[in-house]
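The structure under discussion appears below in the form of structure tokens.
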Amino acid sequence: LISPCKKFEHPGFTLPALTFYQERVNISCQCANTSCPSDLQVTPTPTDVKKNQVDTRPDTIVLLWMWPFGSKHPLSCDEFNITGCHVTVDKSVYHQAHGVLFHHRDIGNTAMPTEPRPWFQKWIWFNMESPGNSGKIPNLDNSFNLTSGFRLDASMPMPYGSMEQLPSVKESFELPTKTRLICWVVSNWHERLERVKYFTELKQYINLTLYGRAFGKPLNDHDYENLVSSCKFYLSFENSIYKDYITEKLYRPMMLGTLPVVLGPPRENYERLVPPNSFIHVNDFPSPKELVDRLLYLDKNDNEYLKYFEWRKWFTVTRAKFAQEACCRACVYIRNNKGYQVFASINKWYWG
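Mapping the sequence shown onto the UniProt record's numbering, position 122 (from 1) lands on 122, and the numbers just tick up by one.
Set out below in structure tokens:
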């Protein structure tokens, strides 16, 4: 990632939140007061330190309290070029851990710590699901010091993907061969969802290649990549619409050389994370019919279509590593930010 606190510059477009995000995840800058959640309360560091609560370990220790959804992953931070961090699931180091990360969807399935919290220890609330797909949990007020997830106003924002600047300008790029026009792979299907309502009207004007459990044609990762890379356009429709909730449905097609057609938060939200001409937003068109007209025009005009991939000259796209990355970013944040803070209400901040 780009050096923290260094202005992010590149030809043709600006990404105001990309610089902000990269500064935050590299954690060498403090977040601006206007970007910090209003429910964050900063208080002095406690002075009543108990003898068995001494911060003496050379490495910063982050304890992952539960495997998210029971799925295990590597605990090393080497691939993020982060050193001096020890991530573990060994609860016996609780009293030495500088941070403890809790996955929201697993709180309740796993008992929370009952022993007193060491004064230097920070509890981290982690969630990558939208508010609509995450149930509120009572009695969490004043429990957590830090937040991690897709929200850009989290203590440690971690979008589902990121754009990394190439070391030098890539003068040319080659897209995969396109044999299909519009594709959609979807599993979660409810008539009440905005994406289903939009699709129902869209399909009246154009044929689509449809896969996923919703259509009785599930795909493994390999087949998904082969399919999506063969499509000119992909429907990157989110299952719920919330601020900053922009998932792999955007980033995977971008990685595979396909132009995403997005349905989610407003265009301005997307432009905080990716270049404005790297996607098509359904809100740019009065109706699905006008969107189809635009897609058909681009299908017949290669030069116009290729303009949506100009960003490939300067950037590459990567996907987040979720809990592994969250633990490692938390380690760096805790090491560089010794102050004490607490969220008065996670529920109010996240669900409103």
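All C-beta atoms in this analysis are idealised placements derived from N, C-alpha and C, irrespective of residue type, glycine included.
Inset, instruction - Between the Cα of Ile124 and those of Glu115, Asp78 and Phe343, spot the shortest distance and give me the residue it belongs to. - result: Position 124 of the sequence shown, counting from 1, holds the residue named residue 124. When each option's Cα is compared against that of Ile124, the closest is Phe343.
Inset, instruction - Spell out the partners DSSP gives Pro260 in its beta bridges. - result: Walking along the sequence shown from the start, residue 260 turns up at place 260. According to DSSP, which records beta bridges pairwise, Pro260 is partnered with Tyr234.
Legend entry - Complete alpha helix (DSSP H) runs within the UniProt domain "Fucosyltransferase N-terminal" (59 to 161) (minimum length 4 residues, chain order): none
Legend entry - Extent of the continuous beta strand (DSSP E) to which Gln341 belongs: Position 341 of the sequence shown, counting from 1, holds the residue named residue 341. Start and end: Tyr340 to Phe343.
Inset, instruction - Determine the burial state of Gln121: buried for a count of at least 16 other Cβ atoms within 10 Å of its Cβ, exposed for fewer. - result: Stepping through the sequence shown from its first residue, residue 121 is reached at position 121. Answer is buried; the Cβ neighbour count reaches 16.
Legend entry - Straight-line Cα distance separating Gly264 from Ile241: Counting from 1 along the sequence shown, the entry for residue 241 is found at position 241. Counting from 1 along the sequence shown, the entry for residue 264 is found at position 264. So the two alpha carbons sit approximately 5 Å from each other.
Inset, instruction - Classify Asn81 as buried or exposed, calling it buried when 16 or more other Cβ atoms lie within 10 Å of its own Cβ. - result: Here residue 81 is taken as the residue at index 81 of the sequence shown, counted from 1. So Asn81 counts as exposed.
Inset, instruction - With Trp351 as the anchor, note down where its alpha helix (DSSP H) starts and where it stops. - result: Against the sequence shown, residue 351 aligns to sequence position 351. From DSSP, the alpha helix (DSSP H) with Trp351 extends over Ile346 to Trp351.
Legend entry - Cβ pair Cys77, Thr60 closer than 7 Å: For this step, residue 77 is matched to residue 77 along the sequence shown. For this step, residue 60 is matched to residue 60 along the sequence shown. Contact: no.
Legend entry - Element boundaries [beta strand (DSSP E), containing Phe322]: The residue you call residue 322 lines up with position 322 of the sequence shown. Note, Phe322: premise wrong, no beta strand (DSSP E); not H, not E.
Inset, instruction - To the nearest angstrom, report how far apart Pro58 and Gln96 are at their CA atoms. - result: To locate residue 58, count along the sequence shown from 1; it is residue 58. To locate residue 96, count along the sequence shown from 1; it is residue 96. So the two alpha carbons sit approximately 11 Å from each other.
Legend entry - Sequence-distant residues of the same chain with beta carbon closer than 8 Å to Phe173, five excluded per side: As a first step, residue 173 is located in the sequence shown; it is residue number 173 there, counting from the start. So the list reads Phe309, Arg312 and Lys313, once near-sequence residues are dropped.
Inset, instruction - Compute the distance between the beta-carbons of Lys232 and Lys178, then report whether it is under 7 Å. - result: One-based indexing of the sequence shown puts residue 232 at position 232. One-based indexing of the sequence shown puts residue 178 at position 178. Yes; because the gap between Cβ atoms is below 7 Å, this pair is in contact.
Inset, instruction - For His190, count neighbouring C-beta atoms within 10 Å of its own C-beta (all shown protein chains included) and say buried if the count is 16 or more, exposed if not. - result: The residue labelled residue 190 in the question sits at position 190 within the sequence shown. Exposed, by the Cβ-count rule.
Inset, instruction - Check whether the Cβ atoms of Val100 and Cys327 lie closer than 7 Å to each other. - result: Position 100 of the sequence shown holds residue 100. Position 327 of the sequence shown holds residue 327. No, these two residues do not count as a Cβ contact at 7 Å.
Inset, instruction - Mind reading off the beta-carbon distance from Ile280 to Leu235? Whole number of angstroms is fine, and I expect it under 8 Å. - result: As a first step, residue 280 is located in the sequence shown; it is residue number 280 there, counting from the start. As a first step, residue 235 is located in the sequence shown; it is residue number 235 there, counting from the start. So it is not a contact: roughly 10 Å between Cβ atoms.
Legend entry - Tyr242 - DSSP class collapsed to helix/strand/coil: Numbered from 1 along the sequence shown, position 242 holds the residue referred to as residue 242. Looking at Tyr242 - three-state DSSP - the assignment turns out to be coil, as it is neither helix nor strand.
Legend entry - Three-pair Cβ contact test at 8 Å for the stretch 110 to 120 versus the stretch 212 to 229: no
Inset, instruction - Using three-state DSSP, classify Leu210 as helix, strand or coil. - result: The sequence position of residue 210 within the sequence shown is 210, counting from 1. Leu210: strand per DSSP, three-state reduction.
Legend entry - Span of the beta strand (DSSP E) around Leu181: Indexing the sequence shown from 1 puts residue 181 at position 181. From DSSP, the beta strand (DSSP E) with Leu181 extends over Arg180 to Val185.
Inset, instruction - May I ask you to report which of helix, strand or coil DSSP gives Glu164? - result: Position 164 of the sequence shown, counted from the start, is the residue given in the question as residue 164. Looking at Glu164 - three-state DSSP - the assignment turns out to be strand.
Legend entry - Ile137 classed as buried or exposed, judged by whether at least 16 other C-beta atoms fall within 10 angstroms: What you label residue 137 is simply residue 137 of the sequence shown in a count that begins at 1. Classification for Ile137: exposed.
Legend entry - Through-space distance from Ile346 to Tyr94, alpha-carbon basis: The residue labelled residue 94 in the question sits at position 94 within the sequence shown. The residue labelled residue 346 in the question sits at position 346 within the sequence shown. Each residue's alpha carbon lies about 23 Å from the other.
Inset, instruction - Decide yes or no for the touch test of the stretch 135 to 155 against the stretch 191 to 205: beta carbon pairs closer than 8 Å, at least 3 of them. - result: no
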